[in-house]
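Take the sequence shown: its position 11, counting from 1, is numbered 11 in the working numbering, and each next residue is one higher. Here a beta-carbon is modelled for each residue, glycine too, at the ideal position from N, C-alpha and C. Computed from a predicted structure; not experimentally measured. Everything on this sheet refers to the single structure shown next.
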Amino acid sequence: MVDEIPKGISRGDVVRVLNKNGEIFGYSFYNPSSQIVFRLLTRSFEKDFNLSKYIEERIEKSIEFRKRFNLPSKSTNVFRLIYDFADGLSGLVVDVFDNVCVCEIYSYGFYNLMDELERILKKFLGNVKVIFTASSYTMTMEKFKLNENPKMRVKVFENDIAFEVYPGLGYKTGFFCDQRENRLYLTNFVRDKDVLDLFSYTGGFGIYAKKFGARNVVCVELDNDAVRMGKRNANINNLRIEFICADAFTYVRQMIVNKKMYDVIIVDPNKFINSREKKDEGVKKYIDINALSLNLVKKGGILVSCSCSGLLSMDEFVDVIKKASSISKRMVRIFKKTYAGVDHPFMVNWPEGEYLKVVWCSVE
Numbered sequence: 001m002v003d004e005i006p007k008g009i010s011r012g013d014v015v016r017v018l019n020k021n022g023e024i025f026g027y028s029f030y031n032p033s034s035q036i037v038f039r040l041l042t043r044s045f046e047k048d049f050n051l052s053k054y055i056e057e058r059i060e061k062s063i064e065f066r067k068r069f070n071l072p073s074k075s076t077n078v079f080r081l082i083y084d085f086a087d088g089l090s091g092l093v094v095d096v097f098d099n100v101c102v103c104e105i106y107s108y109g110f111y112n113l114m115d116e117l118e119r120i121l122k123k124f125l126g127n128v129k130v131i132f133t134a135s136s137y138t139m140t141m142e143k144f145k146l147n148e149n150p151k152m153r154v155k156v157f158e159n160d161i162a163f164e165v166y167p168g169l170g171y172k173t174g175f176f177c178d179q180r181e182n183r184l185y186l187t188n189f190v191r192d193k194d195v196l197d198l199f200s201y202t203g204g205f206g207i208y209a210k211k212f213g214a215r216n217v218v219c220v221e222l223d224n225d226a227v228r229m230g231k232r233n234a235n236i237n238n239l240r241i242e243f244i245c246a247d248a249f250t251y252v253r254q255m256i257v258n259k260k261m262y263d264v265i266i267v268d269p270n271k272f273i274n275s276r277e278k279k280d281e282g283v284k285k286y287i288d289i290n291a292l293s294l295n296l297v298k299k300g301g302i303l304v305s306c307s308c309s310g311l312l313s314m315d316e317f318v319d320v321i322k323k324a325s326s327i328s329k330r331m332v333r334i335f336k337k338t339y340a341g342v343d344h345p346f347m348v349n350w351p352e353g354e355y356l357k358v359v360w361c362s363v364e
């Protein structure tokens, strides 16, 4: 509850937040135009808070944290450098694509600090290109406007697999580096198998599968631009993959009619739950696509089901799989549950940070 807002503060300012006893609780960005009037930046108790120094320290610590996990490395030069609240910079995400940093802005406060962010990133990372992006939803809610970034193609490597990315364009920052470790784990199950990659975007899971010996790979994606990029990614890795531009729900229903079966199916849809009010509707979509997909898995095959909805817990997602199993009348054994990679840490008091959930299922 906000008790009092002093006069003289402007939108985007960092303000000291006090508890009911008048003690310093932390520092927040102030934006009276947003649903989040005070976006907590840090629970620092310092009386003399230096914003620029704080951001510089947090970015330096984030760089050092990723270095512990060999990011970047000779085999991987695409990763998440800043992950919002988990890295002490609530309202900011930074992904690195070789020598390009894409900063996704979620708050007016960081929009106001773009020049400072660019300066600090270049200080630590050298001669990198820094670009900024934000979703139309964020810009509407936070009341700021970013121009669309010019189209720039960058070749990156993830576990020695090449991908071409248009930083700052497409979904989020341009590439889903959160699935890196899950894509690599998938390679344990694909040799000489028929693989279906649903909601494939630019082909990440499918390309890993084919690279590691899958017999046939089909990637299904509704976004035509993403399909074109997926085909390009297959070509630069000298892989033969079938890309189909179609709605995944429609495609799966047609394959059921055609009695087509696959050894491995990956279900990695866009976020079905965007608000608490739409949670029930989103859960039904997750149940539907998983129940449909289970009908296409061969006996002894594998379903890899993903959810990137932060409002859905892992326990709730497992319940989705349970209901899908019942509807499809397939016996499902969960043998592993995974999350985003090590470059996506989450705070213990920030459950939404644990947004990506992957359930690995053996199907009979």
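Range covered by the beta strand (DSSP E) that runs through E164: Secondary structure note for E164: its beta strand (DSSP E) is the uninterrupted segment I161 to V165.
Environment of Q254 [buried if 16+ CB atoms lie within 10 Å]: It counts as exposed.
heavy atom of the ligand NAD below 8 Å from K323 C-beta: Among the components of this structure there are no ligands whatsoever, and the ligand NAD is therefore not found.
Element boundaries [beta strand (DSSP E), containing S362]: Run containing S362: K357 to V363, per the beta strand (DSSP E) assignment.
Validate contact between the stretch 74-90 and the stretch 6-18 using beta carbons, cut 8 Å, 3 pairs: At 8 Å Cβ cutoff, the stretches do not touch.
Residues of its chain near K129, where Cβ-Cβ distance is below 6 Å and the 5 sequence neighbours each way are ignored: The answer, listed in chain order, is V100.
Rounded separation between C219 and D87 - CA only: In this model, C219 and D87 are separated by some 34 Å (Cα to Cα).
Own chain, CB closer than 6 Å to A248, minus 5 neighbours either side, in chain order: Cβ within range, chain order: L198, F199 and V220.
Per DSSP, cross-strand counterpart(s) of I256: Per DSSP, none; premise fails for I256.
In chain order, each beta strand (DSSP E) run of at least 3 residues that lies wholly inside the stretch 70-94: With a minimum length of 3 residues, the continuous beta strand (DSSP E) runs that stay inside the stretch 70-94 are 78-83.
Three CB pairs or more closer than 8 Å across the stretch 145-161 and the stretch 117-127: Verdict: no, contact absent.
With 16 other Cβ atoms within 10 Å as the buried cut-off, status of S293: It counts as buried.
First through last residue of the alpha helix (DSSP H) which encompasses R68: Note, R68: alpha helix (DSSP H), L51 to R68.
Sufficient close CB pairs (3 or more, under 8 Å) joining the stretch 45-65 to the stretch 324-341: Result no; under three Cβ-Cβ pairs closer than 8 Å.
Proximity below 9 Å, CB of S90 to CB of R39: Contact annotation: S90 and R39 have beta-carbon atoms nearer than 9 Å.
Q179 classed as buried or exposed, judged by whether at least 16 other C-beta atoms fall within 10 angstroms: So Q179 ends up on the buried side.
Length of the line joining the Cα atoms of F205 and I287: For F205 and I287, the distance between alpha carbons rounds to 21 Å.
Nonlocal neighbours in the same chain, by C-beta distance under 7 Å from V156, ignoring five residues either side: Closer than 7 Å at the Cβ level, and outside the excluded window around V156, lie N77, V78, F97, D98, F163 and V165.
Coil, strand or helix - S328 by DSSP: Here S328 sits in helix by DSSP.
Separation of N159 from P72, as counted between CA atoms: Cα to Cα, P72 sits roughly 11 Å from N159.
3-residue-minimum beta strand (DSSP E) runs that sit fully inside the stretch 190-257, ordered along the chain: List check, beta strand (DSSP E) in window: 194-198, 216-221 and 242-245.
Close Cβ partners of F49 (< 6 Å) along its chain, the five nearest in sequence each way excluded: The beta carbon of F49 sits closer than 6 Å to the beta carbons of Y27 from its chain, once the five residues preceding and following it are set aside; these are given in chain order.
Cβ separation of I131 and G168, assumed to be a contact under 8 Å, to the nearest whole Å: Yes, they are in contact, since the Cβ atoms of I131 and G168 sit about 5 Å apart, within 8 Å.
For S309 and K271, believed in contact at Cβ under 8 Å, the rounded distance: The beta carbons of K271 and S309 sit about 5 Å from each other, so the pair counts as a contact at 8 Å.
Contacting residues, own chain, Cβ-Cβ under 8 Å from I161 (five flanking each side not counted): So the list reads I207, Y208, K211 and N237, once near-sequence residues are dropped.
Whether I244 touches Y251 by CB criterion (9 Å): Their beta carbons are under 9 Å apart, which means I244 touches Y251 by this criterion.
Reduced DSSP secondary structure (H/G/I, E/B, other) of K336: In this structure, K336 counts as strand in the three-state DSSP scheme.
Cα-Cα separation between V195 and D280, rounded to whole angstroms: Rounded to whole angstroms, the separation of the alpha carbons of D280 and V195 is 30 Å.
For F175 and I334, the rounded distance between their alpha carbons: Whole-angstrom Cα-Cα distance: 28 Å.
Three-state secondary structure (DSSP) of I9: The three-state secondary structure of I9, taken from DSSP, is coil.
Three-state class that DSSP yields for C177 in the structure shown: Under the three-state reduction of DSSP output, C177 falls in the helix class.
Local conformation of F144 per DSSP, three classes: The answer is coil: DSSP assigns F144 none of H, G, I, E or B.
Of the listed residues M314, F346, A324 and C361, nearest to K285 (C-alpha basis): Closest by alpha carbon: A324.
Y185 and G230 closer than 9 Å at C-beta: For the 9 Å CB-CB criterion, Y185 and G230 do not form a contact.
D48, DSSP secondary structure in three states: Here DSSP, grouped into helix, strand and coil, assigns D48 to coil.
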